[in-house]
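Engineer:
In this note's numbering, the protein residues as written are 5 to 241.
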């Protein structure tokens, strides 16, 4: 944090004076700006894919006796049991054979595949507390299944959908290893750009963009907790 406010051209401690010029450079440097926009694209693709898939999967796990439920539960534990490098290399081989390696949207898909359990947990926690009598009452009033879903089920699980969506966006925004494996030097994301830069020299502008990145994630988590509450994950089965 202190290094990002230094007035010098290199990182020193204590800082060589105080200045905001490195924060101003973030908006002026095309490489940082373009990398940040690519990172937003990856996070957006990840979230868009995760919302319908995670919502339907979470509701199904909470309400119905799903086939292969044990297999699905094992998948939900993958983020904690399999090293990310293993998942990343596997996805790299799959995308490479498909001829789509080096593009941005596959990175978003990969982030979704790896982090989707968090979305499913959030929706499952909300769907578990859904009173089935509400859906039954709507059906008895003549509402078709699709209308019951959009008027009763979906609003009831919306806190989980919002929580999971924001979490998926944050995780994709900060994803480094998957981006490193799946993109090339022409379309690097911001975490990869920072990594490539610090291999040679750590400059104050990198410290500034890191502070901005951390601040954005912290604000998102704070708003998430205030709006719907992070304790929703403690309710998941």
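Backbone N, C-alpha and C define an ideal beta-carbon position, used for all residues, glycine too.
Let's see if you can read the secondary structure: which residues bound the alpha helix (DSSP H) around residue 98?
Structural biologist: For the purposes of this step, residue 98 is identified with residue 94 of the chain shown, where counting begins at 1. Note, residue 98: alpha helix (DSSP H), 88-102.
Engineer: With 16 other CB atoms within 10 Å as the buried threshold, where does residue 122 fall?
Structural biologist: Walking along the chain shown from the start, residue 122 turns up at place 118. With 16 or more Cβ atoms within 10 Å of its Cβ, residue 122 is classed as buried.
Engineer: Against chain B, with Cβ distances strictly below 9 Å, would residue 92 count as a contact?
Structural biologist: Of the chains in the structure shown, none is chain B; there is only one protein chain.
Engineer: What do you reckon, are the CB atoms on residue 109 and residue 80 nearer than 9 Å?
Structural biologist: Translated into positions along the chain shown, residue 109 becomes position 105. Translated into positions along the chain shown, residue 80 becomes position 76. Contact flag unset, no.
Engineer: Just tell me which of 29, 179, 63 and 52 has its CA closest to the CA of residue 159.
Structural biologist: Start at 1 with the first residue of the chain shown, and residue 159 comes out as number 155. Looking at the Cα atoms, 63 is the closest of the given residues.
Engineer: Using the beta-carbon count (16 or more within 10 Å), is residue 212 buried or exposed?
Structural biologist: The residue given as residue 212 occupies position 208 in the chain shown. Residue 212 should be labelled buried.
Engineer: Can you list, in chain order, the residues of its chain with a C-beta nearer than 8 Å to that of residue 136? Leave out the 5 residues immediately preceding and following it.
Structural biologist: Residue mapping note: residue 136 aligns to position 132 of the chain shown, counting from 1. Contacts found: 67.
Engineer: What first and last residue would you give for the alpha helix (DSSP H) that runs through residue 199?
Structural biologist: Within the chain shown, the letter at position 195 stands for residue 199. First-last of the alpha helix (DSSP H) with residue 199: 194-202.
Engineer: Quick check on the DSSP output: what are the complete alpha helix (DSSP H) runs of length 4 or more inside the stretch 139-192, in order along the chain?
Structural biologist: List check, alpha helix (DSSP H) in window: 149-152, 158-177 and 181-186.
Engineer: Relative to the alpha-carbon of residue 85, which residue among 22, 107, 119 and 105 has its alpha-carbon at the smallest distance?
Structural biologist: Translated into positions along the chain shown, residue 85 becomes position 81. With distances taken between Cα atoms, residue 85 lies closest to 119.
Engineer: Using the Cβ count rule (16 or more neighbours within 10 Å means buried), how would you classify residue 115?
Structural biologist: If you number the chain shown from 1, residue 115 lands on position 111. Buried, because 16 or more other Cβ atoms sit within 10 Å of the Cβ of residue 115.
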